[in-house]
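Just below is one structure, and these are the notes that go with it.
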Amino acid sequence: MNIYVGNLPYNVVEEDLREIFEEYGEVASVKIISDKLTGRSKGFGFVEMDNDLEAKKAIDELNNAEISGRNIKVNESRPKSNDSRGGGNRRSGGGGGFNRGGRY
16 MNIYVGNLPY NVVEEDLREI FEEYGEVASV KIISDKLTGR SKGFGFVEMD NDLEAKKAID
76 ELNNAEISGR NIKVNESRPK SNDSRGGGNR RSGGGGGFNR GGRY
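Each residue of the sequence shown is one higher than the one before, counting from 16 in this note's numbering.
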């Protein structure tokens with residue numbers, strides 16, 4: 016199961032996150048997302064656990080847990096949606112501003 020972990024303190028590294036989740040079972044992988052330019056953590060990451068029962072227990076017990084003064088958010092990761100919401104593409108029409116009937 017892929018687990019989303021949000022509101023992480025910026026000083027938490029992948030090994031820290033692995034140790035926290037290993038208390039609940041075997042951890043297949045850990046990835047903290049970082050800014051491509053600065054390399055600084057974006058404050059969230061993902062933990063992969065193969066055993067769903069262990070993963071659910073980790074989610075239940077770690078959601079809202081405090082790490083370095085911050086309450087982390089832990090839940091099952093959902094796949095990215097491919098819906099058409101968000102970021103408009105001006106080349107495909109729409110979004111054109113105010114039309115004064117060609118007077119200006």
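The C-beta atom is built at its ideal place from N, Cα and C for all residues, glycine as well.
Spatial neighbours of residue i in its chain, beta-carbon cut-off 8 Å, leaving aside the 5 residues before and after
{"i": "E69", "result": "Y39, G40 and E41"}
{"i": "F36", "result": "I18, V42, V45, V62, M64, A73 and L77"}
Under the three-state DSSP convention, the category residue i falls into
{"i": "I74", "result": "helix"}
{"i": "R93", "result": "coil"}
{"i": "E81", "result": "strand"}
Residue i, enclosing alpha helix (DSSP H) - first and last residue
{"i": "E30", "result": "E29 to E37"}
First through last residue of the beta strand (DSSP E) which encompasses residue i
{"i": "A25", "result": "One detail in the question is off: residue 25 reads as Tyr in this sequence, not Ala. Segment: none, Y25 is in no beta strand (DSSP E) and carries neither H nor E."}
{"i": "G58", "result": "S56 to E63"}
{"i": "I87", "result": "Note, I87: premise wrong, no beta strand (DSSP E); not H, not E."}
{"i": "K46", "result": "S44 to S49"}
Nearest candidate by alpha-carbon position, reference residue i, set the options
{"i": "L32", "options": "S56, N97 and P94", "result": "S56"}
Residues of its chain near residue i, where Cβ-Cβ distance is below 7 Å and the 5 sequence neighbours each way are ignored
{"i": "D50", "result": "K57"}
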